[in-house]
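Enquirer: Heads up: the sequence lines are chains A and B, in that order.
Counting with the numbering used here, you get residues 1493 to 1764 for the letters of the first sequence.
Counting with the numbering used here, you get residues 7 to 266 for the letters of the second sequence.
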Amino acid sequence: LILCRIIRAKVTPPRLSPKACGRSAMALRTLFSKKAFTTASGFRPIAAGDRCFLRQARGLTVAALPDLAYDYGALEPAISGEIMRLHHQKHHQAYVTNYNNALEQLETAMAKGDASAVVRLQSAIKFNGGGHINHSIFWKNLKPVNEGGGEPPHSTLGWAIDTDFCSLEALVQKMNAEGAALQGSGWVWLALDKGSKKLSVETTANQDPLVSKGANLVPLLGIDVWEHAYYLQKRRNESARCNLFFWGPRHMIFVQGQMKHSPSSSPLRFTL
Amino acid sequence: MAMALPLAYASSVGNPFEAGRLSFSTKATKHKKHIYQSRKVTKVLAYYGLTNPPYKLDALEPYMSRRTLELHWGNIHRGYVDSLNKQLANSPLYGCTMEELIKTTFNNGNPLPEYNNAAEVWNHDFFWESMQPNGGKLPWGGVLDQIEKDFGSFSNFRDEFVHSAMMLFGSGWVWLVLKTNERRLSIVRTSNAVCPLVWGDIPIISLDMWEHAYYLDYKDDVSKYVNNFMDHLISWHSATARMVRAEAFVNLGEPKIPVA
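#1: If you reduce the DSSP assignment to three classes, tell me which class A1697(A) lands in.
#2: For W1681(A), which residues does DSSP report across the bridge?
#3: Counting contacts by CB-CB distance shorter than 8 Å, is V1698(A) in contact with chain B?
#4: Do I153(B) and V183(B) have their C-beta atoms closer together than 8 Å?
#5: For my contact list, W134(B) and P68(B) are in at a C-beta cut-off of 8 Å; report their separation, rounded to the angstrom.
#6: Using a C-beta to C-beta distance shorter than 8 Å, which residues of chain A count as neighbours of Y221(B)?
#7: Is W1631(A) helix, strand or coil by DSSP?
#8: Let me know the secondary structure DSSP gives I153(B) once reduced to three states.
#9: Over the uninterrupted alpha helix (DSSP H) stretch that includes S1704(A), give me the two end residues.
#10: Assuming the contact rule is C-beta atoms closer than 8 Å, V149(B) and T246(B) should be a hit. Round their C-beta distance to whole Å, please.
#11: In the DSSP assignment, find the unbroken beta strand (DSSP E) run with L184(B) in it and report its ends.
#12: How many angstroms separate the CA atom of H78(B) from the CA atom of A219(B)?
#13: Here's a check: name, in chain order, each residue in its chain whose Cβ is nearer than 6 Å to the Cβ of L1520(A), leaving out the five neighbours to either side.
#14: Between the alpha carbons of K185(B) and S212(B), how many angstroms are there, rounded?
#15: Quick one: which chain A residues come within Cβ less than 7 Å of E217(B)?
#16: Where does the unbroken beta strand (DSSP E) through V194(B) begin, and where does it stop?
#17: Taking only beta-carbon atoms, is L77(B) less than 8 Å away from chain A?
#18: Please report the straight-line C-alpha distance between A1556(A) and V1588(A), rounded to a whole angstrom.
#19: With DSSP collapsed to three states, give me the class of D1654(A).
#20: Would you identify the three-state DSSP class for M137(B), choosing helix, strand or coil?
#21: Please name the residues in the segment 1575-1604 of chain A whose beta-carbon is closer than 7 Å to at least one beta-carbon of chain B, in chain order.
#22: From Y121(B) to F112(B), what does the alpha carbon distance come to, in whole angstroms?
#23: Around the Cβ of V1664(A), are there at least 16 other Cβ atoms within 10 angstroms (buried) or fewer (exposed)?
#24: Could you check whether C201(B) and W146(B) sit closer than 8 Å to each other, using their CB atoms as the reference points?
#25: Indicate whether the contact test is met: 3 or more Cβ pairs, each with one atom in the segment 96-109 of chain B and one in the segment 154-174 of chain B, closer than 8 Å.
#26: Please state whether DSSP places P119(B) in a helix, a strand or coil.
#27: By the 10 Å Cβ neighbour count, where 16 or more other Cβ atoms means buried, how is E217(B) classified, buried or exposed?
#28: Hey, quick one: how far does the beta strand (DSSP E) through S212(B) stretch, first residue to last?
#29: Distance check for A52(B) and N1593(A), CA to CA, integer angstroms please.
#30: On the criterion of 16 or more Cβ atoms from any shown chain inside 10 Å, does I263(B) qualify as buried, or is it exposed?
#31: I need the straight-line Cα distance from H1584(A) to E1719(A), nearest angstrom please.
#32: The segment 171-197 of chain B: which residues have C-beta closer than 9 Å to a C-beta of chain A, in chain order?
#33: Thinking C-alpha only, which one of V1717(A), N1638(A), G1687(A) is nearest A1672(A)?
#34: Between the C-alpha atoms of S241(B) and R84(B), what's the straight-line distance to the nearest angstrom?
#35: Would you say K225(B) lies against chain A (beta-carbon separation less than 8 Å)?
#36: Quick one: give me the first and last residue of the alpha helix (DSSP H) that D223(B) is part of.
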């Protein structure tokens, strides 16, 4: 603690947590230089409260709600602005908040050695963390029409779809069918198997991320078939389970446009 | 409960002469008899029907809008009934009562394809009857006594019910059931289409926590939906009737008869 005070006098870091310097004696020498100090304790210039800062200091990163690359209303008329706003600001935000809370509780439980609490928190982490992961992918899969959303996939991805599904229409039909057959809430995925380099259509329940179906699976495209994703736009004569993105040929297929620009999670896709 | 509506239709056996048999002796007379008999009604099939909720679709306003009921009952519930009938048309499961069907198709946790539709039809019927206009408030008589005995107080029960509903991940239902083995009331939370009947318990009240039940009216504000259900929609009349019936199957002990 004395050492910490000396550091504080010499070098003025933004805020100093005693825990950070008490971490290991070996690291103390590096603490004297400001540059090393910042990298050693991993402080990041985020605007957050004390607890968040301490979490950073202990090495726990908080999840944050990602911004959309387009306006809420930019996907009309396929998805209404109201649905987008609620989906992003309420549902996704709730997953992020609850995930962070669960992580905090998990950390406390692990520190106390409370195994039953650790196990009890797993379902909350899986649900809320999965919700955060899935929705982050989802926003990236969407693009407004005037920015290229809705165009069919080209080049390697297009060929891969033709190889594995015979045609884009067959893929669309398969995803529709899987979405309709899903019981309860869940997601439909276009997945790439990293090992066999094959595309497949998978479904997961509730907010389970795609990796829970196979460690080798990389999500290229995810469709949220939870009712909150489309129910406000549901019309009377539609079947109960209506896959929002593939509503007949007259609606723009937003999703396809994003597939050209591979998300950073699947760099292997174009080495097929 | 879903009623079976008898729907008679004549099945045509087709023209036997098309088979190419052109003999005119005794076989012809047999054929004639056959044609004659085929004109009678030969097959009767019964289908599950969509029952109406015991109130008009706008009767639950403002806590559950007419539009929600139109879609929830008219589209979704009806869809389950139609799918179930299609599935049962050529199935060996044809002819069961709804409860039998649910228990059989649940198959102890490995549900058959018909389970989802059958259970959802039953669940929704039960749900419409669990609500009423001007509902909510407090139960009375035996139901209140049993709740107080098993939960401590009505407000404990209410809090536990609301908490259970909020803790549900994904789609599902929240039930007040009478557990047959433990002989007490309990709150049970089930996923997707699972129904406490499969465990032999007797449901008393249910709440649909699928998003389609509340999304149009409450969007993401789930707690408001659940609280409104508890305060304004829940039908203690139905609960009392169901409790009375349940007590015929479960011995809840001697009633407290005051000693003179």
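We treat Cβ as the ideally placed atom computed from N, Cα and C, and that holds for glycine.
Predicted model only: the values in this text are computed from it and were never measured.
Expert: Quick answer:
#1: Three-state DSSP puts A1697(A) in a strand.
#2: Note: W1681(A) sits in a beta bridge opposite E1694(A), G1714(A).
#3: The question names Val, but residue 1698(A) is Asn in the sequence shown. At least one chain B Cβ lies under 8 Å of N1698(A).
#4: Against a cut-off of 8 Å, the Cβ pair of V183(B) and I153(B) comes out as no contact.
#5: About 18 Å; that fails the 8 Å criterion.
#6: The contact set of Y221(B) on chain A, defined by CB atoms closer than 8 Å, consists of E1719, H1720, Y1723, L1724 in chain order.
#7: helix
#8: helix
#9: From DSSP, S1704(A) is part of no alpha helix (DSSP H); its letter is neither H nor E.
#10: 5 Å
#11: Looking at the DSSP string, the run of the beta strand (DSSP E) that includes L184(B) is 178-185.
#12: 7 Å
#13: At L1520(A), the pLDDT of 43 sits below 50, so the modelled position is not reliable and the matter cannot be decided from this model.
#14: Each residue's alpha carbon lies about 14 Å from the other.
#15: Per Cβ cutoff of 7 Å: W1718, E1719, H1720, Y1723.
#16: Boundaries of the beta strand (DSSP E) around V194(B): 190-197.
#17: yes
#18: 6 Å
#19: Here D1654(A) carries a helix assignment [DSSP, helix/strand/coil].
#20: strand
#21: Taking 7 Å as the cut-off between beta carbons, the residues of the segment 1575-1604 of chain A near chain B are L1578, K1582, H1583, in sequence order.
#22: About 6 Å.
#23: buried
#24: Contact: no.
#25: no
#26: Helix.
#27: buried
#28: 208-214
#29: 53 Å
#30: exposed
#31: 14 Å
#32: Correct list: F175, G176, S177, G178, S197.
#33: V1717(A)
#34: One C-alpha to the other measures close to 23 Å.
#35: It does: the Cβ of K225(B) has a partner Cβ on chain A nearer than 8 Å.
#36: 221-224
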